[in-house]
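Asker:
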Amino acid sequence: MNIAKVIVDVPASSINQTFDYKIPERFQEILNVGMRVIVPFGPRKIMGFVVGRTDESSFDKLKEISDILDITPVLTDELLGLGKWLADETLSMYITVFQAMLPQVLKAQYRKELVRMTEDSLPEDLENFFAGRDFVVYEEFEAAKISFYQLQKAIQDGDISVNYQVKSKITKKHITVVEPRIEPHSLEEEILDLPKIAKKQKELLAYFIDHPEPIDQKILVQKCNTSKSTIKALVDKGLLVTFKQEVYRNPYDDNAYARTVALELTEQQQEAIAPIKQHIREETHDTFLLHGVTGSGKTEVYLQAIQDVIDNGKEAIVLVPEISLTPQMVRRFKGRFGSNVAVMHSGLSSGEKYDEWRRIHRKEVQVVVGARSAIFAPFEKIGIIIIDEEHENSYKQEDQPRYHARDVAIYRGRNHNCPVILGSATPTLESYARAQKGVYQLATLTKRTNNSEMPDVEIVDMRDELHAGNRSMFSRKLKESIEACISRGEQAVLLLNRRGYSTFVMCRDCGHVKECPHCDIALTYHKNSNRLKCHYCSYEEPMPKICPECNSDLIRFFGTGTQRIEENLTQLIPEARVIRMDVDTTRRKGSHEKLLTQFANKEADILLGTQMIAKGLDFENVTLVGVLTADSMLHLPDFRSSEKTFQLLTQVSGRAGRHELPGEVIVQTYTPDHYSIQLASNYDYTTFFQNEMRTRKAFQYPPYVFLSLITVSHPNHVSAVQATQKIVQLLMKNVGEDTVVLGPTPSPIARMKDRYRYQCMVKYKNEPNLRTLIRKIIRQFDEEVRKNDLLITVDMQPYQLM
DNA sequence: AGCACGCCGACT
DNA sequence: GTCGGCGTGCTC
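Position in the first sequence counted from 1, then plus 86, gives you the numbering used here.
So, in structure tokens, the structure goes:
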């Protein structure tokens, strides 16, 4: 077994295969499958993953592995297998999938250096360039305008050599630790020996009499109210020693969470958990859909199931939509399981993510709570996988590899023979349909744990408001209710559903709308900087004072940003104290939590925000929820728009009256009769499901069919259309009769970053060879991709049709 | 993806 | 002869 099969760090379809390398004698014992290595690849050196070991290779002249990057494998056998499956499933490169499974810091960085090999003088230009240095990074050479030819010659003559380095991004955090260098009992003596004026030093030594164990220097300084120089003085006298110690960055102070114990379950909860516990006990796989209304105690069910898993000596993965958005969720898990929990989400720094990952990797925790990518946690004895808010679209990764965490969860659940729980108050149609067919086990929680009723929902027809001469964003009813709510000393949550309503700039004279010069999309106005920005290509420009088309000075920003609403609100109800929560006010780290704490401490009456306030928040004093524009995403070109509207309205309604006080929900809309709004107001999921399923059937959309989306982009309009056309034709020729191939259709954003985008959609029920077919077709375009700047991306189960 | 190699055309 | 710009093919 002296040959390693390696997946190298080159994301190109022609390299998407294993390469064989000889394992040098010195690595024979220590090299394991799943480790990262450095290998020579052509003239350079790159990183790769060892995915297997063998004795034979069909290749005769093998190179040797240059180095090993890990002491223990970073990918388990299971994850390697999962990676292969996932890459095949999503038509991604193996390397891309493996990288996605690991924290960013494990991604290699490459550096090219020029090394001076001779003391003899070099040609003048090069001599000046090196300026006495032994080596220079290559980028610097490119920046200095020296003839490439000269360098080439120097390299050929052996005066300069090129050095390819693989660098690690890993940084570890260290603290300075202090401890006494002498026996604790002799400390007292030493204190007496110190000069009288060295008061601080005496105090410090006295501290160690009671606490002889090593201590973090920072904490010591705080505790003894002293300074580093005092410690240094004692170190110099040989009484104390300091040394560096590696520590985990801990984004959460585990002691800050009050410990909780298991609550008594309601009858419904017990019924729901029983079969799950059985599967945990018997170590068998099954997928459960836990359909529970908001406030029905799904989390407690998760917690108690996880407790069983832990008692069983196994591990648990919990996925939550985006955890930085729900600190309350972290609190519940840390509260129950303390430091046995690792937390993984995008709000952490890359170093923090790495440390949390290592705690999992070293099996120092049994529970991981995290966003999408936490599904790849390198556990080896998984006892349960839970996906909370199963319907959230953040579980679908929108760039390569385009995977859905739910699919990965079920795949791993099978691997580990453990149950997978999908929880939601508003399950996706896909999941609910599967539950109905018996593919998933359905468990339903219809009652809130405190037996309170769901709050009443009142729909306000905004057209009537307009007819009555009210042109503001607030209906009379909503204004009244807010005022009443505040006067009772209670709090309100206002949701601005901003999708499709961003703040664009339009000239009131000629109607000209400012668009991005590189994308077919209106620029968005940002108040803080008074600039216009593009969401897709990061283009920006100052806000114009006059219209570039007609020179009118009546150019204004339009739409209903949260800032505008906030201004209106304070005009309308001057006494209201408002906290605004949107991307602008939550950009800084921790600001999210800070705003929520302020609101919880009743420092404001109204919490105004976008989607991010719809989920998971639980404030006992909130009795009013207002939805300003319920239908703003109903008219987007997206077959899931009704479903998304229903989900959002149901979720946000659940924020009101969760405790003692009764709640009230007011939904403002221009389409009050739409079934997703009507049925959400009655909390009637079942009817919504049936209605929506009929629509999906009529228009042939999931879950009745599967979708695959191929997007083609090219700087030239015609080339994009032609390539797409050809793909459509090739597909049509080779798919089954029932399969529909649509296109070429311009993508919803027809131009992005100066590239025209066309797409082809495949709707199919049964097309077992579709992946192979698409792969074959794409391969036919390999040349055009490489030479002509053509780009083809495939999404095997698109969530957004962009 | 990167990189080398080789052909070609331009410049002096 | 000297230099730089691409197109092409390869990477165990």
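Beta carbons: idealized from backbone N, C-alpha and C, even for Gly.
Predicted, not measured: the structure shown is a model, and the values here were computed from it.
Out of Gln308, Gly437, Leu434 and Val429, state which residue places its alpha-carbon closest to the alpha-carbon of Ile461.
Answerer: Residue Val429 is the option with its Cα nearest to Ile461.
Asker: I need the DSSP call for Tyr790, collapsed to helix, strand or coil.
Answerer: Of the three classes helix, strand and coil, the one that applies to Tyr790 here is coil, per DSSP.
Asker: Grab the span of the alpha helix (DSSP H) containing Phe216 for me, first residue to last.
Answerer: Its alpha helix (DSSP H) spans residues Glu210 to Phe216.
Asker: Residues in its own chain within less than 6 Å of Val848 by CB, not counting five upstream and five downstream?
Answerer: Ser794 and Val827, listed in sequence order.
Asker: Just to confirm, does Arg549 get its C-beta within under 7 Å of one of the non-hydrogen atoms of the ligand HEM?
Answerer: In terms of ligand content, the structure shown is empty, and the ligand HEM therefore cannot be addressed.
Asker: Could you please give the first and the last residue of the uninterrupted alpha helix (DSSP H) stretch that includes Phe956?
Answerer: The requested residue 956 is not part of the displayed model; the chain covers only 87 to 888.
Asker: For the 8 Å Cβ check, are there 3 or more pairs between the region 196 to 208 and the region 245 to 255?
Answerer: Yes: at least three Cβ pairs fall under 8 Å.
Asker: Would you decide whether Thr772 is buried or exposed? Buried here means 16 or more other CB atoms lie within 10 Å of its CB.
Answerer: Thr772 comes out exposed.
Asker: With C-beta atoms as the reference, is Leu722 less than 8 Å away from Leu582?
Answerer: Going by C-beta atoms, Leu722 is not nearer than 8 Å to Leu582.
Asker: Exposed or buried, which one is Leu911 when buried takes at least 16 other CB atoms within 10 Å?
Answerer: This structure cannot speak to residue 911, because the chain is shown only from 87 to 888.
Asker: Let me confirm a value: Lys533 is counted as buried when at least 16 other C-beta atoms fall within 10 Å, else exposed. Which label applies?
Answerer: When all chains shown are included, Lys533 counts as buried.
Asker: Apply the 10 Å Cβ neighbour rule to Glu652 and answer buried if 16 or more other Cβ atoms are within range, or exposed otherwise.
Answerer: Glu652 comes out buried.
Asker: List the endpoints of the continuous beta strand (DSSP E) containing Gln251.
Answerer: Per DSSP, Gln251 belongs to the beta strand (DSSP E) from Ile246 to Lys253.
Asker: Which residues share a DSSP beta bridge with Lys91?
Answerer: Lys91 is bridged to Asp106 and Gly138.
Asker: Look at Ile471 and Ile392 and say whether their C-beta atoms are less than 8 Å apart.
Answerer: Against a cut-off of 8 Å, the Cβ pair of Ile392 and Ile471 comes out as no contact.
Asker: For Thr104, which residues from the same chain have a beta carbon less than 8 Å from its beta carbon, with the 5 sequence-adjacent residues on both sides left out?
Answerer: Correct list, in chain order: Lys91, Val92, Ile93, Val137 and Gly138.
Asker: What residues in its chain sit with their C-beta under 6 Å from that of Gly586, if we drop five residues either side in the sequence?
Answerer: The predicted model places Gly586 with a pLDDT of 43, which falls under 50 and marks its position as unreliable, so this point remains unresolved.
Asker: Which residue comes first and which comes last in the alpha helix (DSSP H) that contains Gln356?
Answerer: Start and end: Glu353 to Glu368.
Asker: Taking the alpha helix (DSSP H) that Ser762 belongs to, which residues open and close that run?
Answerer: From DSSP, the alpha helix (DSSP H) with Ser762 extends over Tyr761 to Ser767.
Asker: For Asp547, does the three-state DSSP call read helix, strand or coil?
Answerer: Looking at Asp547 - three-state DSSP - the assignment turns out to be strand.
Asker: Roughly how many angstroms lie between the CA atoms of Lys467 and Leu177, to the nearest whole one?
Answerer: Rounded to the nearest angstrom, the two C-alpha atoms are 28 Å apart.
Asker: Work out the CA separation of Val494 and Val814 for me, nearest whole Å.
Answerer: Cα to Cα, the separation comes out at about 29 Å.
Asker: Could you tell me the alpha carbon to alpha carbon distance between Glu269 and Thr182, rounded to whole angstroms?
Answerer: Each residue's alpha carbon lies about 55 Å from the other.
Asker: Quick check on Lys730: does DSSP put it in helix, strand or coil?
Answerer: Lys730 falls in the helix class under three-state DSSP.
Asker: My understanding is that Thr709 touches Leu655, with C-beta atoms under 8 Å, so please give their C-beta distance in whole angstroms.
Answerer: The pair is not a contact, with the Cβ atoms about 18 Å apart (cut-off 8 Å).
Asker: Quick one: Cα of Phe465 to Cα of Gly399, how far?
Answerer: Distance between the alpha carbons of Phe465 and Gly399 is about 12 Å.
Asker: Can you find the residues in the same chain that come closer than 7 Å, C-beta to C-beta, to Leu165, ignoring five residues on each side of it along the sequence?
Answerer: Only Met187, Phe462 and Pro464 meet the Cβ criterion.
Asker: At which residues does the beta strand (DSSP E) containing Gly437 begin and terminate?
Answerer: From DSSP, Gly437 is part of no beta strand (DSSP E) but of the alpha helix (DSSP H) over Ser436 to His447.
Asker: Tell me which residue opens and which closes the alpha helix (DSSP H) that Ile403 is part of.
Answerer: No alpha helix (DSSP H) holds Ile403; the beta strand (DSSP E) holding it covers Glu401 to Leu405.
Asker: Give the single residue among Thr373, Tyr388, Ile305 and Lys131 whose Cα lies nearest to the Cα of Asn503.
Answerer: Cα-wise, what sits closest to Asn503 is Thr373.
Asker: Within its chain, find whatever has a CB closer than 8 Å to the CB of Arg663; leave out the 5 residues flanking it on each side and keep chain order.
Answerer: Answer for Arg663: Glu689, Ala690, Asp691 and Ile692, listed in chain order.
Asker: According to DSSP, Met430 sits in a beta bridge with which residue or residues?
Answerer: In the DSSP output, where bridge partners are listed per residue, Met430 has Gly456.
Asker: Who pairs with Ser425 in a beta bridge, going by DSSP?
Answerer: Per DSSP, none; premise fails for Ser425.
Asker: So what does DSSP say about Met540, is it helix, strand or coil?
Answerer: Reduced to three states, the DSSP call for Met540 is coil.
Asker: When you compare only the Cα positions, how much space is there between Leu564 and Ser677?
Answerer: So the two alpha carbons sit approximately 28 Å from each other.
Asker: Give the straight-line distance between the Cα atoms of Gln62 and Glu484, rounded to the nearest whole angstrom.
Answerer: Absent from the model: residue 62. The displayed extent of the chain is 87 to 888, so no value can be given.
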